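K.L.:
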């Protein structure tokens, strides 16, 4: 995403610390006083194969905080909230170990992602509530007209 692009209302792009060490690096994810932290429900890891797409999902209660410590992932967010100042806007982020940041996605936004690296593409999500299949809506990857 270009720094001049408008970020969807409620989405946070947060630089996080990466500490290089000769014996192995340390990657921060989120602390309880960071902007975007809205409680703790669970942490999980999701992988996505090269050129595969997992889309579209909308949480109605959950706030997600995602980082990509392995591989490269294209993360797409779409705002279909009719009363939002960014209604109809797509955001595209390339997340990776070399472009390391945390992406906070509030409830009621559609998002999906695609694996860009031929090795493992890993997403860590720190969610504010435990997984509940009744609070999410899943759509087919062709639901939105987006050119991956």
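Numbering (the numbering used here), first residue to last: 13 to 160. Note that CB positions come from ideal geometry on N, CA and C, so glycine has one too. Source: prediction; values computed, not measured.
How long is the line joining the alpha carbons of residue 64 and residue 106, rounded to whole angstroms?
P.N.:
Cα to Cα, the separation comes out at about 15 Å.
K.L.:
Rounded to whole angstroms, what's the CA-CA distance from residue 127 to residue 61? Just pull it up for me.
P.N.:
Cα to Cα, the separation comes out at about 5 Å.
K.L.:
Mind checking residue 52: buried by the 16 CB within 10 Å criterion, or exposed?
P.N.:
Exposed, by the Cβ-count rule.
K.L.:
Taking the alpha-carbon of residue 26 as reference, which of 124, 114, 58 has the nearest alpha-carbon?
P.N.:
Nearest C-alpha to residue 26: 114.
K.L.:
May I ask which residues mark the beginning and end of the beta strand (DSSP E) holding residue 95?
P.N.:
Neither: residue 95 is in no beta strand (DSSP E) and is coded neither H nor E.
K.L.:
Can the beta-carbon of residue 80 be found less than 8 Å from the beta-carbon of residue 149?
P.N.:
Going by C-beta atoms, residue 80 is not nearer than 8 Å to residue 149.
K.L.:
Under the rule that 16 or more other beta-carbon atoms within 10 Å means buried, what is residue 17, buried or exposed?
P.N.:
Per the 10 Å Cβ criterion, exposed.
K.L.:
Indicate the three-state DSSP secondary structure (helix, strand or coil) for residue 64 in the structure shown.
P.N.:
Note: residue 64 maps to coil in three-state DSSP.
K.L.:
Do residue 21 and residue 92 have their beta-carbon atoms positioned less than 8 Å apart in this structure?
P.N.:
No, the Cβ-Cβ distance between residue 92 and residue 21 is not below 8 Å.
K.L.:
Please tell me whether residue 137 and residue 50 are closer than 8 Å, where the distance is taken between their beta carbons.
P.N.:
Contact flag unset, no.
K.L.:
Please state whether the Cβ-Cβ distance between residue 70 and residue 24 is less than 8 Å.
P.N.:
Contact flag unset, no.
K.L.:
Kindly indicate which three-state DSSP category residue 104 falls into: helix, strand or coil?
P.N.:
Reduced to three states, the DSSP call for residue 104 is strand.
K.L.:
If we count the other Cβ atoms within 10 Å of its Cβ and call it buried at 16 or more, is residue 89 buried or exposed?
P.N.:
Buried.
K.L.:
What residues are listed by DSSP as bridge partners for residue 136?
P.N.:
Note: residue 136 sits in a beta bridge opposite 57, 79.
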